[in-house]
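Here's the structure, in structure tokens; my notes come after.
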Amino acid sequence: MSTRMIIRRLGGGLLVLWLVSILTFLLVHLIPGDPAEVIAGENASQADVERIRTELGLDRPVLTQYVTWLSGVLRGDLGHSLFTGKSVVTSIAESAPPTLVITIMAIVLAVLVGVSAGTVAGLTQGSRVDRLVSTLATLGIAMPSFWLAMVLVSIFSLTNPWLPATGYADLGEGFGTWLSHVILPSTALGLATAAELARHTRGCVADVLTRPYVRTARARGASGAWLVRRHILRNAAIPVVTVLGLQAGRLLGGAIVIEAVFGISGLGTLAVNAVLQRNYPVIQGYVLLCAVVVVLLNLIVDLAYGWINPKVRTA
Amino acid sequence: MTLVTKRSSPNPSVPRSSPAGRIVRTVLRRPAGATAAGFLILLVVLALAGPLIYPHDPDAQNLGNRFAGLSWEYLLGTDEFGRDVASRIIQAARIALAAPLISVGVALLIGLPLGLWAGLRRGVVDAVAGRLADTVLSLPAMVGALAILAVLGPGLVNAMVAIGIIFAPGLFRVVRGATLAVAEETFVHSAVAIGSPTRRTLWVHILPNIAAPLLVQVTILMGVALLAEASLSFIGLGVQPPDASWGSMLKAAYVNQFDAPYSVVPPGIAMVLTVLSFNTIGDAIRDAVGLRRGR
């Protein structure tokens, strides 16, 4: 991919982020009625309402508020929790590790399971294995992840006491302990993505198999493994990477529910509590963070195209 | 589905049928499509019949009979208050159908007119709506829904409206894309040339011709909306107790998992079958009208 193209994509991403910042900022102003009164709650004293009004700067003109807020955000200051006074950046930094770990593990699992199952199914179209993979994939897409999580807990924690049902452990507490806490949440979170990947990989592999260059390579006497690695997977990789890019954002959203099932205090739990308490600075910080992550992922996906497919580099 | 059946020809002996009738027949001819349609019709009947067919009062508590197993008396057992699970599943079918309808309705209300207009007339509407769609789509659906619920406050209707707003940009893109393609057809050019007003061109000439991709998208979104409702109800932002949705039933089952590990099964199965039916019908329509699968 040419430098000009990268710069253009970067510009597009920044524009989207700026628009997200406006929408995020406006969240507080979209509240019906007086935001300060709504945030303070029904039993709040007039002093509390005024305190929140000044704290959020709601007594100043909207444009001034936005400029002040945005310049703070750009300097890495997302404001403070309305209730505990804790800095939002600190809260996010504290809650991020478990969410990141289970999301990344979910992606790893999804790629391993989804791509290999999809490849096998695509190579053996119409076989029993193919039909099994397709059926499981269809089911996996229709299944709510948190239901799967509960079924897993019921099998692996309640019926057989093999894995812990709730909580999260740092890697510092030992690899075994860490893995035992991470494996069920990431499996539940990653299954739908694995199913989606399996479906797409199967379709792509089946499609590539019909191409003339595969027939030519076969005629030249290329071995099966070489064919799969060099011709089939490489060409099937592009749509798969696209799907993965789309799915990564979805996993971030899915983590919200999975954290609730396993009682993990990650970003999702932080956000849900913030919504229930109407703790707007925390919600704004969370939404901005998610947008940044998604925009970055899209950029990485674009760059990955060039790396996988030389044809795109010059385009 | 009612819309489709209404539009198919009233007289079956008419040899040339409408495209809608053809789609319905192609979908029903496949075993999977017919099964899915049958299941959804059953669900609608159960939801409508409701109080007439509950084996027990879904809200009647019987604390002496908590977590009862399966029996002829209680087909799916009882929950933590001794309420009949089978009756509650049927009661919750109403929300399972109404909730996705709200979301998809909101998404259509926003996405359809904007998409049609942007596709035919381009211009400022296209540029602004397109940018706005990019922006909303840069957020994961659940995160966007959370942000909107922070403004609206929790509750079933608010949750479904939030999901609808999040769906709107995707629907806008589908409608806009399909409209762009149809707008190049000769009959549209002719209609515009003889002075057909924009609104008429959109309703009479374009909408019927983009109905197929729209229908596919709407059917798939129904399933996604149901999953979203369940997720939001599970984390406490959707249906509020004592109302029953399959999502809130799962929440209750989760809380009581140590006492009755089995109780997570019935609402989960009901939900999987419903989502599966929406997806199957969406796929079948897509194949019937020869649209390509995937992005």
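Going down the list, the protein sequences come from chains A and B. Following the UniProt record's numbering, the numbering of the first sequence begins with 1 at its first residue and continues without gaps. Following the UniProt record's numbering, the numbering of the second sequence begins with 1 at its first residue and continues without gaps. Note that the Cβ used here is the ideal one computed from N, Cα and C, for glycine as well.
{"Item": "Looking at the unbroken alpha helix (DSSP H) that takes in A/I92, where does it start and where does it end?", "Value": "V88 to L123"}
{"Item": "Note down the Cα distance separating A/S116 from A/V293, rounded to an integer number of angstroms.", "Value": "27 Å"}
{"Item": "Going by other Cβ atoms of all chains shown within 10 Å of its Cβ, with 16 needed for buried, is B/N158 buried or exposed?", "Value": "buried"}
{"Item": "Could you round the C-beta distance between A/P98 and A/I264 to whole angstroms and report it? I think they count as a contact, below 8 Å.", "Value": "5 Å"}
{"Item": "Helix, strand or coil for B/T35, going by three-state DSSP, please let me know.", "Value": "helix"}
{"Item": "Please list, in chain order, all residues of the same chain as B/L114 whose beta carbon is under 6 Å from its beta carbon, the five residues on each side excluded.", "Value": "A129 and F172"}
{"Item": "Since A/L23 meets chain B, which of its residues come closer than 7 Å, beta carbon to beta carbon?", "Value": "T135"}
{"Item": "Can you tell which of A/T119, A/I300, A/R9 and A/Q284 has the C-alpha that lies nearest to the C-alpha of A/S91?", "Value": "A/Q284"}
{"Item": "I believe A/P144 touches B/S245 by the beta-carbon criterion, under 8 Å. Please report the beta-carbon distance rounded to the nearest angstrom.", "Value": "So it is not a contact: roughly 12 Å between Cβ atoms."}
{"Item": "Among B/T35, B/G155 and B/W117, whose alpha-carbon lies nearest the alpha-carbon of B/P241?", "Value": "B/G155"}
{"Item": "State the beta-bridge partners of B/T78 as determined by DSSP.", "Value": "B/D84"}
{"Item": "Please state if the CB of B/T274 and the CB of B/A96 are separated by a distance shorter than 7 Å.", "Value": "yes"}
{"Item": "Using a Cβ cut-off of 9 Å, pull out every chain A residue sitting near B/M271, in sequence order please.", "Value": "A142, M143, P144 and W147"}
{"Item": "Is the stretch 63-78 of chain B touching the stretch 216-229 of chain B, taking contact as three or more C-beta pairs under 8 Å?", "Value": "no"}
{"Item": "With 16 as the cutoff for other CB atoms within 10 Å, does A/Q247 come out buried or exposed?", "Value": "buried"}
{"Item": "I'd like the span of the alpha helix (DSSP H) that includes A/A63, first residue to last.", "Value": "At residue 63 of chain A the sequence reads Leu, which differs from the Ala that was named. Unbroken alpha helix (DSSP H) run through A/L63: V62 to L74."}
{"Item": "Taking B/V106 as the query, report the chain A residues whose CB atoms sit under 9 Å from its CB, ordered along the chain.", "Value": "Result: empty, since nearest Cβ-Cβ is about 16 Å, beyond 9 Å."}
{"Item": "Please state whether the Cβ-Cβ distance between A/L191 and A/L158 is less than 7 Å.", "Value": "no"}
{"Item": "What is the DSSP secondary structure of A/H231, reduced to helix, strand or coil?", "Value": "helix"}
{"Item": "Distance, Cα to Cα, B/D287 vs A/N160?", "Value": "44 Å"}
{"Item": "Between A/I258 and A/L189, is the Cβ-Cβ spacing less than 7 Å?", "Value": "yes"}
{"Item": "Does DSSP classify A/H80 as helix, strand or coil?", "Value": "strand"}
{"Item": "In the structure shown, what three-state DSSP assignment does B/N158 receive?", "Value": "helix"}
{"Item": "Taking Cβ to Cβ, would you say A/V275 is nearer than 7 Å to B/L149?", "Value": "yes"}
{"Item": "Taking Cβ positions only, does B/G268 come closer than 7 Å to chain A?", "Value": "yes"}
{"Item": "For the stretch 267-285 of chain B against the stretch 25-42 of chain B, are there 3 or more C-beta pairs whose distance is under 8 Å?", "Value": "yes"}
{"Item": "Determine contact between the stretch 205-216 of chain B and the stretch 250-267 of chain B, defined as no fewer than three beta-carbon pairs at a distance below 8 Å.", "Value": "no"}
{"Item": "Check B/I235 in the structure and name its three-state DSSP category.", "Value": "coil"}
{"Item": "At 7 Å on the CB atoms, spell out the chain A contacts of B/Y74, in chain order.", "Value": "Neighbours of B/Y74 on chain A: none; closest Cβ ~20 Å, over 7 Å."}
{"Item": "Should A/G249 be flagged as near chain B, meaning a C-beta pair shorter than 7 Å?", "Value": "yes"}
{"Item": "Alpha carbon to alpha carbon, how far is A/S81 from A/D279? Give it in angstroms, no decimals.", "Value": "The sequence given here has Asn at residue 279 of chain A, not Asp. So the alpha carbons of these two residues sit roughly 6 Å apart."}
{"Item": "Indicate the three-state DSSP secondary structure (helix, strand or coil) for A/I39 in the structure shown.", "Value": "helix"}
{"Item": "Does any residue of chain B have a CB that is nearer than 7 Å to the CB of A/A117?", "Value": "no"}
{"Item": "How many Å lie between B/S13 and B/A20 at the Cα?", "Value": "In this prediction, B/S13 scores a pLDDT of 43, lower than 50, which makes its location untrustworthy; the coordinate-derived value is nonetheless stated afterwards. Going by the C-alpha atoms only, they are around 16 Å apart."}
{"Item": "What are the boundary residues of the alpha helix (DSSP H) that A/I183 is part of?", "Value": "F175 to L209"}
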